[in-house]
Amino acid sequence: MLPDAEKRKDIEINSGDTSSPEAAEDVFGDETNHDIQYKTLSWQFVAMLMIAEIVSNGMLSLPNAIAAVGIVPALILTIFLGIFGLFTAKLLIDFKLNHPDVHSMGDAGYILFGPVGREILALGTVIFAICGTGSELLSGQQALSTLSDNGLCAILLLLIFSVATLLLALPRTLGKLSWLGLISVASITLCGILAMAGAGANPVPERMLNATVPTNFPEAFLAITNPVFAYAGHFMFFILISEMRRPQDAMKAAWVLQGFSTIFYVVFSIVIYTYIGNTVASPALLSLPPIWAKITFGVGLINFLFAGGIYSHTAAKLVFVRLFRHTRHVHSHTFLGWATWIFLCFAAVAIAFIFAAGVPIFPYLISITASLFASWYTYGLAGFFWLHDAYHLGDGKRELRRRWGGTLVATLTIIAGAFICVAGTYISIKLIVDAYRGGLVGKPFTC
Numbered sequence: 001m002l003p004d005a006e007k008r009k010d011i012e013i014n015s016g017d018t019s020s021p022e023a024a025e026d027v028f029g030d031e032t033n034h035d036i037q038y039k040t041l042s043w044q045f046v047a048m049l050m051i052a053e054i055v056s057n058g059m060l061s062l063p064n065a066i067a068a069v070g071i072v073p074a075l076i077l078t079i080f081l082g083i084f085g086l087f088t089a090k091l092l093i094d095f096k097l098n099h100p101d102v103h104s105m106g107d108a109g110y111i112l113f114g115p116v117g118r119e120i121l122a123l124g125t126v127i128f129a130i131c132g133t134g135s136e137l138l139s140g141q142q143a144l145s146t147l148s149d150n151g152l153c154a155i156l157l158l159l160i161f162s163v164a165t166l167l168l169a170l171p172r173t174l175g176k177l178s179w180l181g182l183i184s185v186a187s188i189t190l191c192g193i194l195a196m197a198g199a200g201a202n203p204v205p206e207r208m209l210n211a212t213v214p215t216n217f218p219e220a221f222l223a224i225t226n227p228v229f230a231y232a233g234h235f236m237f238f239i240l241i242s243e244m245r246r247p248q249d250a251m252k253a254a255w256v257l258q259g260f261s262t263i264f265y266v267v268f269s270i271v272i273y274t275y276i277g278n279t280v281a282s283p284a285l286l287s288l289p290p291i292w293a294k295i296t297f298g299v300g301l302i303n304f305l306f307a308g309g310i311y312s313h314t315a316a317k318l319v320f321v322r323l324f325r326h327t328r329h330v331h332s333h334t335f336l337g338w339a340t341w342i343f344l345c346f347a348a349v350a351i352a353f354i355f356a357a358g359v360p361i362f363p364y365l366i367s368i369t370a371s372l373f374a375s376w377y378t379y380g381l382a383g384f385f386w387l388h389d390a391y392h393l394g395d396g397k398r399e400l401r402r403r404w405g406g407t408l409v410a411t412l413t414i415i416a417g418a419f420i421c422v423a424g425t426y427i428s429i430k431l432i433v434d435a436y437r438g439g440l441v442g443k444p445f446t447c
């Protein structure tokens, strides 16, 4: 683990030549008497926000992963990645506590790799958040299409859902969204329970179930990207923790997140796959009878809306804090502050809408961005966090040699992130090429 951040809270942090001059200063500072106060979240509500964001679309694709590789490897991977995600969350949280000024992956990139690292990781966070918004917009459009029996043009439904997502993203602080996060968690949980009930009440006759499925590497890796990226919410952790009353409690939220998501993923994917078999679709709700599909999509719609709102809120928050950090526009009701904030939220949702409606290969682009960025944000960068702080807050190279076990695990974590990044990007690009060759790519802005 990283050096104990709570024991070092009275020590001035020295991060080397790449550290910020304000390295030990909390990102929002003292908020006493400020009009807008950000540090209001409890760890319980942070856990709810994490679950609402991560479990949203991750759950619905997992039964299809079991169909592709079989029950045994899919479940082993899901459980392992849940534990691995908890480990990398611990490293990320320790890094945040050691560097209170870190608000985003861009700030962490500055400490680790200098100005270039800041720009790459900050841009990656914005891109990934916008793609996440687009993914939720598509889920919302799919839900509305199912509920209306395709009664309206898909583009119009997408636009309606986008406007609702924008309204949800507009509150300036995550504390204003906390109770909605609780409702969102209830929504996706009930959606999963009803989906399992619907599958159990309507099992597919003569369905096929496999413990393992022989397959080639591209198909196998494509299938395992579902559980790999079902935990891909770490990119938001710094922003969430920055708005906690007690950042020291963040690990409690991570325990709740990983425990809930792992158990729920395992139960949901096994039950759905057991009753539907190898023909299960992605998202799994499409494999249910029409009435059950409508019920589950209707309940899950709340979560899709909230997750899209928090993704776009995250993209806007990162840019907003970057522009106005340590100025009165962050904590006061200024015209410039509010105008910029509304514009940034609008831009995030608008770009996501354009991507979702106007880029026929957008689902493949989501896979590429997940491979390029989520592989590092959720897994690989955690190894760099440990190595950096063990070196700079410890005794340099001697600290790394003395704690050789931690050094080895951190290095393997970096390698794992690099492998997921390279292999995932390669396969995503291959799928795009195959889709064009097979004539499977549609046209932009069509119903």
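Quick note on this note's numbering: the sequence shown kicks off at 1 and runs consecutively.
Just so it is clear, CB atoms sit at the ideal spot from N, CA and C, and this is done for glycine as well.
Query	Result
For F455, which option in F362, T296, F45 and C191 has the closest C-alpha, if you only look at C-alpha atoms?	Nothing can be reported for residue 455: it is not among the residues displayed for the chain, which extend from 1 to 447.
Between G58, F419, T446 and L144, which lies nearest to G298 when the distance is taken from Cα to Cα?	L144
I need the boundaries of the alpha helix (DSSP H) containing N303, first residue and last residue.	P290 to F324
Decide if C153 is buried, meaning its Cβ has at least 16 other Cβ atoms within 10 Å, or exposed.	exposed
Under a three-way DSSP split, which group does G198 fall into?	helix
Please return the same chain residues whose Cβ sits closer than 6 Å to the Cβ of Y311, not counting the five positions on each side in sequence.	A129, G132 and T133
Would you report the Cα separation of T340 and R322, rounded to the nearest angstrom?	12 Å
What whole-angstrom Cβ distance do H234 and L412 have, given they're in contact under 8 Å?	Their Cβ separation, rounded to whole angstroms, is 17 Å, which puts H234 and L412 out of contact at 8 Å.
Would T88 and T262 qualify as a contact pair, given that the criterion is a beta-carbon distance under 8 Å?	no
Using 8 Å for Cβ pairs, my map puts E243 next to K39. What's the rounded Cβ distance?	6 Å
Thinking just about the alpha-carbon of each residue, which of Y110, L286, R402 and Y379 is nearest to the one in T146?	L286
Would D389 be called buried (16 or more neighbouring beta carbons within 10 Å of its own) or exposed?	buried
Starting from the C-beta of V441, find all residues in its chain whose C-beta is less than 7 Å away, skip the five residues before and the five after it, and write them out in chain order.	P360, I361 and A435
If the criterion is Cβ atoms closer than 8 Å, does the pair G58 and A169 meet it?	no
List the endpoints of the continuous alpha helix (DSSP H) containing I361.	Segment: none, I361 is in no alpha helix (DSSP H) and carries neither H nor E.
In whole angstroms, what separates the C-alpha of A164 from that of R245?	29 Å
With a 10 Å radius around its C-beta and 16 neighbouring C-beta atoms as the bar for buried, classify P214 as buried or exposed.	exposed
Helix, strand or coil: which one does DSSP assign to L170?	coil
Grab the span of the alpha helix (DSSP H) containing E53 for me, first residue to last.	W43 to V69
Terminal residues of the continuous alpha helix (DSSP H) containing N226?	F217 to F229
Evaluate V55 with the Cβ neighbour count: other Cβ atoms within 10 Å of its Cβ, from every protein chain shown; 16 or more gives buried, anything less gives exposed.	buried
Is it buried or exposed for P289, if we count other Cβ within 10 angstroms and need 16 for buried?	exposed
For the structure I just gave you, are there three or more beta carbon pairs, one from the stretch 394–407 and one from the stretch 60–73, closer than 8 Å?	no
Quick one: what's M244 bridged to in DSSP?	L41
If you run the structure through DSSP and keep just helix, strand and coil, what is K90?	helix
Kindly list the residues whose CB is nearer than 7 Å to the CB of T32, restricted to its own chain and excluding five residues on each side of it in sequence; keep chain order.	none
So L49 packs on F268, CB below 8 Å; how close in whole Å?	Their Cβ separation, rounded to whole angstroms, is 21 Å, which puts L49 and F268 out of contact at 8 Å.
Do A423 and G467 come within 8 Å of each other at the CB atom, strictly closer than that value?	Any question about residue 467 goes unanswered here, given that the chain covers just 1 to 447.
Compare the Cα-Cα distances from I295 to each of Q258, F237 and M196 and report the closest residue.	M196
Are the Cβ atoms of M236 and E119 separated by less than 8 Å?	no
Using beta-carbon positions only, say whether W43 and A201 come within less than 8 Å of one another.	no
Distance, Cα to Cα, L449 vs R402?	Outside the shown range of the chain (1 to 447) lies residue 449, about which nothing can therefore be said.
Helix, strand or coil, according to DSSP, for H449 in the structure here?	The first residue shown for the chain is 1 and the last is 447, placing residue 449 beyond what the model contains.
Please say whether S375 and I420 have beta carbons closer to each other than 8 Å?	yes
What separation, rounded to the nearest whole angstrom, lies between the Cα atoms of K443 and G109?	38 Å
Between which two residues does the alpha helix (DSSP H) harbouring D408 extend?	Per the sequence shown, the amino acid found at residue 408 is Leu instead of Asp. Unbroken alpha helix (DSSP H) run through L408: W404 to R437.
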